[in-house]
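Residue numbering for the sequence shown follows our numbering, starting at 1 and increasing by one per position. Right, one structure below, let's go through it.
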Amino acid sequence: MKIDIHVHSKFSTRPSQWFLQKLGCPESFTQPARLYDIARKRGMHMVTISDHNTIAGALEIAHLPGTFISEEITTYFPEDGCKAHVLALDIDEAIHQDIQKVRENIHDLVPYLRSRAITHVIAHPMFGVNDKLTPWHFERMLLLFSNFEVNGTRDAYQNDILRAILANLTRADIERLADKHGLEPWGPTPWVKSVTGGSDDHSSIGIASMHTHVPGAKNLDQFLTGIGSGLSRPAGRPSSPKAMAHNLYAIAYQFYSSKFKLDRYVQKDVFLTFVDRFLSGDTGRKTGMVFRLQSLWTGMKLRGRKPASDSLPDLMRHEAETLIHADPELYSLAKGTTECSRPLEQEWFRFVTRASNRVLTGFADRLLSQLSGANVFDIFNCLGSAGALYTMLAPYFVAYTVFTKDRALCREAQAALRGVPAEKPVKVGHFTDTFHDVNGVALTLKMQVNMAVKFGKELMVLTCGESGQPEMPGVRQFKPIGSWELTEYPGQTFHYPPFLQMLEYVYEQGFTHLHSATPGPIGLAALGISRILKLPIYGTYHTAFPQYAKVLTGDDAMEELMWKYMIWYYNQMDKVFVPSKATGDELIAKGIAPEKITLFTRGVDIERFTPEKRNGSLRRWGLERGTTLLYVGRISREKNLHLLADAFLDLRREHPDTNLFISGDSPYA
Numbered sequence: 001m002k003i004d005i006h007v008h009s010k011f012s013t014r015p016s017q018w019f020l021q022k023l024g025c026p027e028s029f030t031q032p033a034r035l036y037d038i039a040r041k042r043g044m045h046m047v048t049i050s051d052h053n054t055i056a057g058a059l060e061i062a063h064l065p066g067t068f069i070s071e072e073i074t075t076y077f078p079e080d081g082c083k084a085h086v087l088a089l090d091i092d093e094a095i096h097q098d099i100q101k102v103r104e105n106i107h108d109l110v111p112y113l114r115s116r117a118i119t120h121v122i123a124h125p126m127f128g129v130n131d132k133l134t135p136w137h138f139e140r141m142l143l144l145f146s147n148f149e150v151n152g153t154r155d156a157y158q159n160d161i162l163r164a165i166l167a168n169l170t171r172a173d174i175e176r177l178a179d180k181h182g183l184e185p186w187g188p189t190p191w192v193k194s195v196t197g198g199s200d201d202h203s204s205i206g207i208a209s210m211h212t213h214v215p216g217a218k219n220l221d222q223f224l225t226g227i228g229s230g231l232s233r234p235a236g237r238p239s240s241p242k243a244m245a246h247n248l249y250a251i252a253y254q255f256y257s258s259k260f261k262l263d264r265y266v267q268k269d270v271f272l273t274f275v276d277r278f279l280s281g282d283t284g285r286k287t288g289m290v291f292r293l294q295s296l297w298t299g300m301k302l303r304g305r306k307p308a309s310d311s312l313p314d315l316m317r318h319e320a321e322t323l324i325h326a327d328p329e330l331y332s333l334a335k336g337t338t339e340c341s342r343p344l345e346q347e348w349f350r351f352v353t354r355a356s357n358r359v360l361t362g363f364a365d366r367l368l369s370q371l372s373g374a375n376v377f378d379i380f381n382c383l384g385s386a387g388a389l390y391t392m393l394a395p396y397f398v399a400y401t402v403f404t405k406d407r408a409l410c411r412e413a414q415a416a417l418r419g420v421p422a423e424k425p426v427k428v429g430h431f432t433d434t435f436h437d438v439n440g441v442a443l444t445l446k447m448q449v450n451m452a453v454k455f456g457k458e459l460m461v462l463t464c465g466e467s468g469q470p471e472m473p474g475v476r477q478f479k480p481i482g483s484w485e486l487t488e489y490p491g492q493t494f495h496y497p498p499f500l501q502m503l504e505y506v507y508e509q510g511f512t513h514l515h516s517a518t519p520g521p522i523g524l525a526a527l528g529i530s531r532i533l534k535l536p537i538y539g540t541y542h543t544a545f546p547q548y549a550k551v552l553t554g555d556d557a558m559e560e561l562m563w564k565y566m567i568w569y570y571n572q573m574d575k576v577f578v579p580s581k582a583t584g585d586e587l588i589a590k591g592i593a594p595e596k597i598t599l600f601t602r603g604v605d606i607e608r609f610t611p612e613k614r615n616g617s618l619r620r621w622g623l624e625r626g627t628t629l630l631y632v633g634r635i636s637r638e639k640n641l642h643l644l645a646d647a648f649l650d651l652r653r654e655h656p657d658t659n660l661f662i663s664g665d666s667p668y669a
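Written as structure tokens, this is what we have:
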């Protein structure tokens with residue numbers, strides 16, 4: 001028998017995520033009858049609804065065959081208010097009323113459920129509902145509960161660690177925890193745990209994607225007995241940040257669809273039809289003649305047409321419609337003539353990424369154009385639009401933050417049970433706007449990558465570059481979503497990074513530290529990712545950008561604006577590496593916190609650079625006699641080489657046998 005024992009309806013009204021709170025949106029918008037139909041169509045033998053602290057949804061379908069009443073109870077550890085969620089299966093209205101009287105204290109709730117022989121399961125035991133969960137609470141759960149849930153909204157990493165912990169529990173472990181916490185473990189063999197599965201769906205998209213299977217069970221009594229005797233098995237697929245974000249978008253869309261009755265427009269609007277197919281949970285809805293006529297008309301209007309305004313909704317809608325009409329796969333998905341070849345959350349991520357990248361490129365172009373013209377008021381307007389885009393992409397940022405915290409807690413809980421530190425090998429993601437350029441920063445980075453590869457260190461450089469750039473070990477090159485060439489500095493190009501793809505990559509690779517080599521667009525991406533994934537971030541200040549800005553533009557105001565940006569950016573770093581004490585003192589004087597500054601000393605490989613390797617190569621330049629002054633570096637305006645040339649000419653008047661040798665490369669070479 002298969003049952004999804006953890007699924008929500010519209011009666012779960014209090015959202016825990018700020019994104020939904022900001023919209024004034026309930027946690028779920030699924031009608032109970034629709035939930036029932038979907039669960040049965042997806043192969044569930046019986047259906048229950050486990051809303052938060054209410055049985056209203058379950059009662060609404062109680063007249064239908066194959067249903068029973070359940071509830072997800074919010075309870076608390078009295079010591080610090082840490083929330084825990086407990087599933088109570090096959091209850092009635094009287095039991096529900098009793099539960100409300102005892103649920104505030106987990107040490108009151110659990111004995112009550114035991115006394116009534118109610119099958120109960122600790123839900124998502126390694127997910128901190130209100131950010132207070134620690135290994136201490138998890139250890140107490142191991143003593144209080146016999147049944148643990150593998151949750152459909154958590155990823156494989158968390159669920160696998162939970163199952164490994166439960167499978168390897170021993171009598172000695174439970175006795176040690178009982179002594180530590182002063183709690184009597186429950187059951188004759190409290191080190192043997194049962195495992196269930198539940199989708200924890202809130203949007204109707206994931207109903208039954210994770211469920212509980214009890215082999216051989218023919219009815220509900222046998223199913224519940226099977227859970228208690230350890231016969232239950234979780235079945236289905238785990239979640240991911242993409243899936244969680246997709247669900248958040250779906251809940252928000254279903255809320256607005258109901259509030260503004262968007263159903264009446266679905267067949268008349270190409271963009272809305274596409275969104276509805278991905279977010280309503282009804283992928284089987286067919287389009288008709290009205291859709292085809294509207295689609296043809298929209299496609300004709302889009303040719304050469306600009307957005308209705310510069311507002312984010314208009315920009316996003318315009319880019320989305322353009323994408324749908326330009327991509328045959330997306331267009332056929334909108335029409336409903338083909339099934340999605342990838343999981344819905346993957347296809348939605350691809351769509352949102354492409355649409356937002358196009359909008360972000362437009363924002364970045366406008367911002368840099370306004371910076372060049374020093375149009376301050378337009379700059380603030382552009383930054384405000386970018387902030388609105390952040391809110392629009394918030395479901396992904398929320399999801400990646402939540403899953404990152406979950407992983408950290410899993411490691412801590414597992415380490416605590418083993419009695420070892422929860423250490424993770426250092427793995428550094430080094431972000432840079434300049435890697436393929438000709439400058440000292442790029443050269444230093446390439447040397448660092450080579451040394452890391454040589455000595456087996458976990459260092460990966462993350463950068464952007466056009467296709468055709470050679471691949472090399474230790475470097476992950478992303479295709480930029482746009483570029484901007486500085487008119488004041490020919491050959492110097494800013495690449496706009498694909499933020500969501502970078503975020504996904506850093507999460508999947510499991511970096512422990514981030515480093516920003518440059519404060520440009522890619523450096524900003526590093527900062528944003530560090531905040532979302534709660535990773536420490538270090539920076540290197542190696543170039544006098546404010547002074548360069550003045551040299552290149554001749555504008556004192558531009559230098560001052562650049563200083564303000566530099567101080568803001570580097571004050572976000574946990575640590576700032578500087579090449580000299582003088583540079584560090586300058587940054588401190590400008591406003592960088594002194595405790596952040598760390599000297600990054602330079603060295604010379606004396607085995608590589610030694611007089612023993614002289615080979616007379618200067619002879620072909622006619623420099624055999626006299627004293628030769630050597631400059632090695634970038635040949636560009638900001639290096640003030642004209643001063644060096646003037647000084648050399650003055651010196652040569654007194655010392656004719658003096659030579660100047662300049663070695664380097666750049667657009668001016």
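All C-beta atoms, glycine included, are put in the ideal place defined by N, C-alpha and C.
In this structure, DSSP gives Asp98 a helical state, which the three-state scheme calls helix. Annotation note: the region 210-271 contains the following uninterrupted alpha helix (DSSP H) runs of length 4 or greater, listed N- to C-terminal: 220-228, 241-260. Excluding residues up to 5 positions away in sequence, Lys590, Gly591, Ile592 lie with their Cβ nearer than 7 Å to the Cβ of Ile567 in the same chain. For Cys464, the enclosing beta strand (DSSP E) covers residues 459-464. Excluding the 5 residues flanking it on each side, Ala245 has same chain C-beta neighbours closer than 6 Å at Pro395, Tyr396, Ala399, in chain order.
Boundaries of the alpha helix (DSSP H) harbouring His642: 641-654, taken from the DSSP string. As the crow flies, the alpha-carbon of Gly57 is around 42 Å from that of Arg176. Take Lys180, set aside five residues on each side of it, and the residues of its chain with a beta-carbon closer than 8 Å to its own are Glu139, in chain order. For Arg476, DSSP records a beta bridge to Leu462. Boundaries of the alpha helix (DSSP H) around Glu560: 556-571. Excluding sequence positions up to five before and after Ala413, its CB lies within less than 6 Å of the CB of Pro135, Phe138, all in the same chain and listed in chain order. Looking at Val453, His430, Leu486, the one whose alpha-carbon comes closest to that of Cys464 is His430.
Within the region 31-85, the runs of alpha helix (DSSP H) at least 4 residues long that lie entirely inside it are, in chain order, 32-41, 56-60.
Looking from the CA of Tyr538, the closest CA among Phe499, Val578, Ile324 belongs to Val578.
Counting the other CB atoms within 10 Å of its CB gives Pro185 a total of 16 or more, which places it among the buried residues.
Residue state for Phe145 is assigned as coil, using DSSP reduced to three classes. Taking a 10 Å sphere around the C-beta of Glu466, we find fewer than 16 other C-beta atoms and assign the residue as exposed.
According to DSSP, Gly539 shares a beta bridge with Ser516, Val576. Relative to Gly152, the option among Asn130, Leu166, Phe145, Pro125 whose CA is nearest is Pro125. For Asn159, the secondary structure class from DSSP, reduced to helix, strand or coil, is helix. Residue burial annotation: Tyr390 is exposed, with fewer than 16 other C-beta atoms found within 10 angstroms of its C-beta. For the pair Asp657 and Thr627, the Cα-to-Cα distance works out to about 7 Å.
Spatial neighbours of Pro234 in its own chain (CB-CB distance under 7 Å, excluding positions within 5 residues in sequence) are listed in chain order as Val150, Val195, Thr196, Gly197, Met210, Thr212.
Relative to the Cα of Lys424, the nearest Cα in the group Glu458, Leu644, Lys446, Thr434 belongs to Glu458. The C-alpha of Ala408 is placed about 27 Å away from the C-alpha of Pro497. Leu486 and Leu133 have their alpha carbons spaced roughly 50 Å apart. CA-to-CA, the gap between Leu248 and Lys242 works out to about 10 Å.
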